[in-house]
Ligand code: GRF
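Numbering (this note's numbering), first residue to last: 378 to 572.
Take a look at the structure:
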């Protein structure tokens, strides 16, 4: 079943673009019906525009509370019959019970969770002297990078001389893994109900 996706991104959007490209190549059976971003400067907005994907800019500062922010997001999502929400560099923790109850939400994280959660995973792995790190795709719950793991891939980082090199190396693998996992979800080869 072609999955109808909403992508949430706060920044550069390279994973967002990788998913778009994979769909275009026929390698990922999904349709991205909208982007929601919490950052008006996100490069992801330009990527959406170039690919004729509706972009919604939802700024926390325009809403009196997180609850209100979440309600507006729910209202946006109601317009799209979304099967799956894909977090691609989305920097807010989703705390809304209603959002988490109504939607399947997945995230990609640049470490082998539960090691190195948080915003500096690649740097943390590098500074810890890890020879191997990797990426994790997991279901989202209220915890930070703590939901059930659906896919992991190791990446050899022993040749990396800086945290930046670790980030770039893992990112290349992310760009292949995220569309692959979305396609497996679409084919029913991975079933989120089982997690
Ligand atoms: C990626 O490293 C992803 O794993 C993490 O945030 C980064 C987003 O990069 N959650 P991009 O915006 O997709 O380029």
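Ideal Cβ placement from N, Cα and C applies to all residues, glycine included.
- Excluding its 5 nearest sequence neighbours in each direction, residue 408 has C-beta neighbours in its own chain below 8 Å: 379, 380, 381, 382 and 400, listed in chain order.
- Secondary structure at residue 508: coil, using DSSP grouped into helix, strand and coil.
- Going by C-alpha positions, residue 440 is about 6 Å away from residue 446.
- Within the region 420-491, the runs of alpha helix (DSSP H) that reach at least 4 residues and sit entirely inside it are, in chain order, 420-427, 443-455 and 474-479.
- When Cβ pairs closer than 8 Å are counted between the two stretches, the region 513-521 is seen to touch the region 454-471, the count reaching three or more.
- Distance check between residue 525 and each of 390, 491, 415 and 384 places 491 closest, using alpha-carbon atoms only.
- Residues 393, 412, 414, 419, 421, 465, 466 and 467 of the same chain have their beta carbon placed closer than 7 Å to that of residue 386, with the five preceding and five following residues left out of the count.
- DSSP places residue 407 in the strand class (E or B) of the three-state scheme.
- Exposed is the label assigned to residue 504, since fewer than 16 other Cβ atoms lie within 10 Å of its Cβ.
- Only residues of its own chain outside the window of five on either side were considered, and among them 420, 421 and 424 have a CB closer than 6 Å to the CB of residue 390, listed in chain order.
- The three-state secondary structure of residue 418, taken from DSSP, is coil.
- Counting along the chain, the unbroken beta strand (DSSP E) around residue 532 starts and ends at 526-533.
- 536 is the residue among 536, 456 and 486 whose C-alpha sits nearest the C-alpha of residue 509.
- Spatial neighbours of residue 450 in its own chain (CB-CB distance under 7 Å, excluding positions within 5 residues in sequence) are listed in chain order as 413, 435 and 476.
- Secondary structure at residue 497: coil, using DSSP grouped into helix, strand and coil.
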